[in-house]
Amino acid sequence: MSTVTFIERVRAMSAHRGGVRIALALAHWIAMLVITFTGLLAITFFIGRKIPIDPVLAILGDRASAGAYAAARLRLGLDKPLIDQFVIYARDVLHGNLGVSLLTANPVIDDIKRVFPATLELATLSTFIGIAIGVPLGVAAAVKHNRIVDHIARVIGLAGSSVPVFWLALMGLLLFYARLHWVSGPGRIDPVYDGMVDTRTGSLLIDSLVAGEWDVFRNAFSHIALPASVLAFYSIAYLSRMTRSFMLEQLSQEYVTTARAKGLPERRVIWRHAFGNIAVPLLTVIALAYSYLLEGSVLTEIVFAWPGIGSYLTGALLNADMNAVLGSTLVIGATFIALNLLTDALYRVFDPRTR
Amino acid sequence: MKKALAAVMLASALTAFTGLSGVQAATPKDMFVMATLLDEFTSLDPGEIYELVPEEYVANTYDRLVRVDLKDPSKFNGDVAESWSASQDGLTFTFKIRPGLKFHSGNPLTADDVAWSIQRTALLDKGAAAVLAGIGLTKANALQNVKKIDDTTVSITTDQRYAPTFVLNVLGSWPASVVDRKLVESHAKGNDYGNEWLKTNEAGSGAYKLVKWTANDSIVLQRFEGYRIPLAMKRIVLRHVTEAASQRLMIQNGDIDVARDLSPDDLDTLSKSGVIKATAVPQATLMYLGLNNKNPNLAKPEVWEAMKWLIDYQGIQKNVIRTTYKVHETFLPEGFLGALNENPYHQDVAKAKALLAKAGLANGFTVKMDVRNDYPYSEIAQAVQANLALANIKVQLMPSDNKQTLGRYRARAHDIYIGEWSADYIDPHSNAQGFVWNPDNSDASSYKMLAWRNAWDIAQLTKETNAALAESDTKKRAHLYEKMQREVLAKSPFVIMFQKVSQVAARPGVTGLEVGPINDLVSYRNIRKQ
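Going down the list, the protein sequences come from chains A and B. Just so it is clear: in the first sequence, position 303 is 303 by the numbering used here, and no numbers are missing. Just so it is clear: in the second sequence, position 474 is 1474 by the numbering used here, and no numbers are missing.
Here is the structure:
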């Protein structure tokens, strides 16, 4: 056996093993996904069915005849054993049917297509603002440790974890909407502009830009600016606190002292060396903050009359509209998983050790 | 280069920001925007809905045979009916339909549509069917009792003799709305009478037609150009704004023309500063305590009376609910035929203690109270808790969501329930049926009205309610209700405390929004803006 042939065979075997490894990892991942979704569905379903709320009351009101009441129970399948109800639901979900919402009379999937983009738009804009301000602020606070910038960052961090979002939102409305008239009030858009652009992505900002409707864009932006800023405040507080703590740890490391001793410019030491090393944990933190916002900030959505998934899910839960609750939970769960995958993928970009 | 880029970015950010400043809204002259609560909407089908704000939507998008006259509830105005008459025996009512009417679709509105619409609600047998059942129209007999005589005549036969005003009130309510048979049937699936389609669509002939319903967000209505009277508003937009503080800011800024749910404080402040003009309209909604007779202590008439003497009605009204409710102690709201405007009870702790001693409960007792965790129920419940504690009645509050408290109430699993009762139509029977009618007090009863829910077995009062319902002489009928109200005031497990007052806040220059005692009588037809 020649050496060349041996090496080729070893390579082929390891390539084969690599393929098997990837296939195994994929199978493992899919199994985890199935278990997660089934668990999510089952837990939400059984909690939903056990809470003492009667969905029939939500549909018929409390004065319907006994006959109408019984017929509605039968129609909703509430007479069947719980486990049968769950199996029927799970089977429908597998066929892509999330059912019809009791409260809106629309297919749940259509409702989600309407409310989720509203939350997505708000959460994404808030996260952008949060990163743009929170991360540099955290870095500056760490670099200028115990100086004025650090004090400001700490005050913001403290406020972010102690000021209720409800209060901040109302104060924001009072100042920027009612007093200064800088932004528009609650809602996604003024009634005069409603329906002027076709829904493509569900994001009014993007849809109006694509359609070239600048008036609609300006109006939509003036509506989203305040709720996005309010939510961003909490992102800024969280991200700056975490960035500061990560950076403080890195700046005390010996490699930073070495880099400084070698005479590297301070900016390069901070941004290239120290910040480069916190990129991975920071990504996790950002993904967490983003997914938190995607759950739908119920209180913010209520104050700003923002038709997002948070208020949709809460309304559904309080009326035992289980199809809507389960559909929303699935979407939120899927978003979490997708964000986790995205973070994993980004790890590989930023951290060569994970490749 | 980097500095230049940063400068450009900063400049664009500033431009974008300053571009926003001066966002000052004012709704267009022919558009009326109102903030209200739209979370009750589960369907747009008049044959299905059973909630307050959805009734208001139906009242403005659909016509019906007649409508009660808001200025004089004993009179009725024809809507699609031109004239009507009752047979000698008082059982059959014949309606002549106006000629030349059209639906929003352009289809002609005929007697066939009217008869089919009423039959449809009964045959669907959903929540709204309960109203038609009041005049004996049910799934079993609707096809025989509601008939199209010819293209312009409809006859409706009731199962027994009722007061004519009662029959007209039922036929003038939303479940009897006229739907476009041709259009709805073209969307029917199986045996659903087009219900699935009509849940999210509209097929009426009312003043306004539906443009768009976005659940829990907004409803947009457009003027029906073919309507028989001129309408000033081209568009009506209802916006779902749950937070009262947000409604306040929006009306202050001119983003909305009318706010329906401002808090008493906001109403005061904005009225005084001239930002709004508030109009108070007493509603056919009563807030009361229901005392469950299944609890032995709460089954004692002395305890019922003692509780009535313990509540500080004026104090709660003045300090908690202010302009949004008024003290009212009888089961017929102000404005109803035969309503007694008497409030004999006030806080008298000594009298209450004496009554409790007579009941053998001088040391008081402990009891639970189910309360929904919303304003103002929780606040009133706390005040009631403090009032009852004065005679050693220890109340344990059980706060939960409305649907949960209602579930326990309907299952007769409560001790005390604090809640509201709203009339379906402005006929005294709507409330008499609720409070003093209980033909079957067994657990298996199919009539789960308020007296049943509190296990109050009242054969005599049920008989009196039936007699008042059949009385065709209006004066005699009013007298019968007065007598029943006195009986209930003196002895009943209901502590009726307050009547709701709707406070409609409108911006100056906005006129003509007619708000009746029930949502089914709210009309947008005469709204004008200067």
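Just so you know, even glycine gets a beta-carbon here, dropped at the ideal spot from N, CA and C.
Chain-ordered chain B contacts of residue i [CB-CB under 8 Å]
i	result
Y312/A	N1216
V230/A	Chain B residues near V230/A: none, gap ~13 Å exceeds 8 Å.
N97/A	The premise fails here: N97/A is roughly 15 Å from chain B at the closest Cβ pair, so nothing lies under 8 Å.
G315/A	D1039, N1216
L168/A	Going along chain B, no residue has its Cβ under 8 Å from L168/A, so there is no contact; the nearest lies around 13 Å.
Under 7 Å between C-beta atoms of residue i and residue j
i	j	result
W1452/B	S1445/B	yes
A237/A	G310/A	no
D1255/B	G185/A	yes
V197/A	E213/A	yes
V1258/B	A1506/B	yes
L1298/B	L1291/B	yes
S240/A	G134/A	yes
A232/A	S162/A	no
Q1247/B	L1267/B	no
T1152/B	I1097/B	yes
G308/A	T124/A	no
L1052/B	N1519/B	yes
E1334/B	N1343/B	no
N1387/B	L1489/B	no
Contacts that residue i makes with chain B (C-beta to C-beta distance below 7 Å)
i	result
G187/A	R1239
L57/A	K1403, L1406, G1407
V325/A	Simply none; closest approach about 14 Å.
Contact set for residue i: own chain, Cβ-Cβ below 6 Å, skip 5 residues either direction
i	result
A345/A	none
L168/A	V230
R1181/B	D1113, W1116
F1041/B	P1054
Distance cut-off 6 Å: residue i Cβ against heavy atoms of the ligand NAD
i	result
D1045/B	For the structure depicted, the ligand NAD is absent and the ligand set is empty, with no information on it obtainable.
Separation of residue j from residue i, as counted between CA atoms
i	j	result
T1462/B	Q1314/B	32 Å
D1348/B	V1515/B	37 Å
S1117/B	S1218/B	27 Å
G1206/B	N1060/B	6 Å
T243/A	P1517/B	59 Å
L1037/B	A1278/B	18 Å
N1363/B	N1392/B	6 Å
P1099/B	A1081/B	9 Å
Y36/A	L339/A	In the sequence on display, residue 36/A carries Thr and not Tyr. Cα-Cα distance, rounded: 15 Å.
L1221/B	D1125/B	28 Å
G1338/B	D1113/B	35 Å
A305/A	E1243/B	8 Å
R1064/B	V1058/B	10 Å
K1212/B	G187/A	16 Å
A1140/B	D1159/B	12 Å
G1512/B	G1106/B	28 Å
Contact set between residue i and chain A, taken where Cβ atoms lie within less than 7 Å
i	result
S1446/B	S65, A66
S1043/B	A105
P1028/B	V192
7 Å Cβ cutoff, residue i in contact with chain B
i	result
D376/A	The displayed coordinates of chain A run from 1 to 355. Any statement about residue 376/A would go beyond what the structure contains.
G212/A	no
A305/A	yes
G134/A	no
L356/A	In the structure as shown, chain A starts at 1 and stops at 355, and residue 356/A therefore has no counterpart that could be examined.
A220/A	no
is_contact[residue i, chain A] using C-beta, thresh 7 Å
i	result
V1033/B	yes
G1204/B	no
K1189/B	no
Q1252/B	yes
S1246/B	yes
D964/B	For chain B, the structure presents residues 1001 to 1530; residue 964/B sits outside this window and is missing.
L1231/B	no
Close Cβ partners of residue i (< 8 Å) along its chain, the five nearest in sequence each way excluded
i	result
Q1119/B	A1142, L1143, V1146
L60/A	A68, Y69, A72
Under 8 Å from the C-beta of residue i: neighbouring residues of chain A
i	result
T1158/B	Neighbours of T1158/B on chain A: none; closest Cβ ~17 Å, over 8 Å.
D1125/B	S65, G67, A68, A71
K1199/B	A105
Beta-carbon contacts of residue i that lie in its chain and below 7 Å, excluding the five residues immediately before and after
i	result
V210/A	R200
K1148/B	A1111, D1112, A1115, V1154
Partners in chain B for residue i, counting only beta-carbon separations shorter than 9 Å
i	result
V139/A	Simply none; closest approach about 17 Å.
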